[in-house]
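Chains as they are written, first to last, in our numbering: chain A, 1010 to 1224; chain B, 1010 to 1224.
2 protein chains.
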Amino acid sequence: MTPRKRTLPVPKTGRGEMTRRKILDAAKREIGRRGFAEASISTITAEAGVAQGTFYIYFRTKEDVMRELVLHMGRMLRHHLTEATEGARNRLDAERLGLRAFLDFVRKNPDLYKVVEESQFVDGKVYRQYYTEFAKSYRIALAAAEKRGEIAPGPNDVSTEVRAWMLMGISVFLGQRYGLWDPKTPLDEIVDAAADMIGHGLAATIPARIPAPAP
Amino acid sequence: MTPRKRTLPVPKTGRGEMTRRKILDAAKREIGRRGFAEASISTITAEAGVAQGTFYIYFRTKEDVMRELVLHMGRMLRHHLTEATEGARNRLDAERLGLRAFLDFVRKNPDLYKVVEESQFVDGKVYRQYYTEFAKSYRIALAAAEKRGEIAPGPNDVSTEVRAWMLMGISVFLGQRYGLWDPKTPLDEIVDAAADMIGHGLAATIPARIPAPAP
DNA sequence: CACAAACATGACTATTGATTCATGTTTGCA
DNA sequence: TGCAAACATGAATCAATAGTCATGTTTGTG
């Protein structure tokens, strides 16, 4: 279960690239659907259309593929989000666009998404790094927006960090609820509701001043 | 791996109660710390100070303990939250108190907390039910608060549901970040920052009217 | 063309650990 | 006290499957 740490499974050259990709792809589906424990190497390789042993040409262990998939998801999502967020006029707008893009991503890549979540219990390190990195980008973006006066400053010096994690939590939970479990509800409604709360919070708006009775 | 569905592992009578509890307790620690896959029945029973076979007097499978633990966590947390939330003057206050209590709970019961999160990949059903039930309570509470005018109405008819999941996501992510990964940062600061955003969102407050230059 | 990397195969090994079970031991109660 | 139900034991079973390896096959290149 813990094979020697062979240099690196970095084999790459011509057709091997494709084989590796096929395996990664099959692994994504298998692990995403059946879960890490259920997904056997034999299932994965069968699905990929290669022999069992071929797996070990490209990966040291089953955990290795998982790590790889988490990194892959990170890159894909980052790209997806950057693109979606490009035309944002301000931070609040970016939040809305980003959330929408995220939910969209989850609906389109449920397997990959699940793999990342499960990675937490297979290699806590990558999982944590995955989110920590996202949090960092988030922090930077929020701080910049704050400086620009687009969002209100927080009440203390942890608030930027806290806000970043809150926003990620929101995305993840909505992704789970509406991305994985219920892919029906229109994204617009969800995003409208979410953006409203992200923008203005729950507090009741001060009721409009009652117009003075006409004299 | 899939034993026949014997009636129920409901054995209960006198001392057995205690043994069952010891096993459940050990399982919580083992699964929480080492993860479901690593936690072996033998480790669990050893930790509990009973023989391997004893495990099967009270549980059909390893998955069974997990389910049991999720239910257990549900009860405990609910209790903890209800208590903490009791004196709340309004919904926003309840959110603050609830979040604080939750983070506190996670810091005090990291193992149990982790078990619940991992249950997602062992028995998706209980996990989903766990959160769906919490969401329901949340919805009810939010709807009531809205009626009382304590919080602003949402923009559409999914907003109460969406808000519930957002709030849960916030708790879970802050629980992970500040409960599990960094048990140092004072809860007060975290909760202040979070409550601010939950209450008022990110939007920049309308800048105070610039006082007219003195004539 | 010929040879060496690089890639691919799939049968085999070796471990692991969940679950079972035949055999005790304890407890409550008639 | 004596018996049956409940509880406890831990060695043995037994299936699953990661990971290995000896043996091909392909491909690029001199």
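Built from N, CA and C at the ideal position, the CB exists for glycine as well.
Of the residues B:Asp1073, B:Ile1050, B:Met1075 and B:Met1082, the one whose Cα lies closest to the Cα of B:Thr1063 is B:Ile1050. Where B:Tyr1065 is concerned, the enclosing alpha helix (DSSP H) starts and stops at Gln1061 to Tyr1067. Against chain B, a Cβ distance below 7 Å from A:Asn1118 picks out nothing, because the smallest value is about 18 Å. Counting the other Cβ atoms within 10 Å of the Cβ of B:Thr1214 gives fewer than 16, which makes it exposed.
Rounded to the nearest angstrom, the gap between the Cα atoms of B:Arg1157 and A:Met1082 is 44 Å.
Chain-ordered listing is empty here: chain A has no CB closer than 8 Å to the CB of B:Leu1121, the nearest sitting near 15 Å. If you draw a straight line from the Cα of A:Tyr1067 to the Cα of A:Arg1029, it is about 6 Å long. By the neighbour-count criterion, in which 16 or more other beta carbons inside 10 Å mark a residue as buried, A:Asp1205 falls on the buried side. Your pair A:Ala1203 and B:Met1175 checks out as a contact, with CB atoms roughly 6 Å apart and the cut at 8 Å. Taking the C-beta atoms as reference points, A:Glu1126 is found nearer than 9 Å to B:Gln1129. Remark: fewer than three beta-carbon pairs, one from each stretch, lie closer than 8 Å, so the region 1154 to 1171 of chain B and the region 1146 to 1166 of chain A are not flagged as touching. In this structure, A:Val1200 and A:Leu1108 form a Cβ contact; the two beta carbons are roughly 6 Å apart against a cut-off of 8 Å. Between B:Ser1051 and chain A, the shortest Cβ-Cβ separation is not below 9 Å. Counting of Cβ neighbours within 10 angstroms places B:Arg1100 among the buried residues, the total reaching 16 or more. B:Ala1048 sits in coil when the DSSP states are folded into three classes, being neither helix nor strand. Judged by DSSP secondary structure, A:Glu1077 falls within the alpha helix (DSSP H) whose first and last residues are Lys1071 to Thr1094. Interface flag for B:Glu1039 against chain A is unset, since no Cβ pair is found closer than 9 Å. A:Lys1037 counts as buried, since no fewer than 16 other beta carbons sit within 10 angstroms of its beta carbon.
By the neighbour-count criterion, in which 16 or more other beta carbons inside 10 Å mark a residue as buried, B:Ile1149 falls on the exposed side. Nearest to B:Glu1092 by C-alpha distance, out of B:Arg1076, B:Leu1078, B:Phe1111 and B:Val1079, is B:Phe1111. Sequence-distant partners of A:Leu1086 (beyond 5 residues in either direction) whose C-beta falls short of 7 Å from its own C-beta, in its chain, are Phe1114. Under the Cβ criterion of 9 Å, B:Met1177 is counted among the residues facing chain A. In the three-state reduction of the DSSP assignment, B:Ala1110 falls in the helix class, which pools H, G and I.
Not one beta carbon of chain B lies nearer than 9 Å to the beta carbon of A:Ile1032.
Counting only residues of its own chain and dropping the five nearest sequence neighbours on each side, B:Ala1144 has a CB closer than 8 Å to the CB of Glu1170, Ala1173, Trp1174 and Met1177. B:Ala1202 is bridged by DSSP to nothing; it lacks a bridge partner. Across the region 1081 to 1106 of chain A, CB contacts with chain B closer than 9 Å involve Arg1100, Leu1101 and Glu1104, in sequence order along the chain. For A:Ser1146, not one C-beta of chain B is nearer than 9 Å to its own C-beta. Neighbours of B:Ala1213 in chain A, taken as residues at a C-beta separation under 7 Å, are given in chain order as Gly1158, Glu1159, Ile1160 and Ala1161. Our two residues, A:Gly1058 and B:Gly1210, have alpha carbons roughly 51 Å apart in a direct line. The bridge partners DSSP lists for A:Ile1160 are B:Ala1212.
Within its own chain, the residues whose Cβ lies closer than 8 Å to the Cβ of B:Glu1142, once the five positions on either side in sequence are excluded, are Gly1083, listed in chain order. Considering only B:Lys1123, B:Arg1098 and B:Val1079, the residue with the shortest C-alpha distance to B:Arg1186 is B:Lys1123. Annotated as distal: A:Ala1046 and A:Thr1054, with beta-carbon spacing of 9 Å or more.
Excluding the 5 residues flanking it on each side, B:Pro1119 has same chain C-beta neighbours closer than 6 Å at Leu1189, in chain order. Interface with chain A (9 Å Cβ-Cβ cutoff): B:Phe1114 is excluded.
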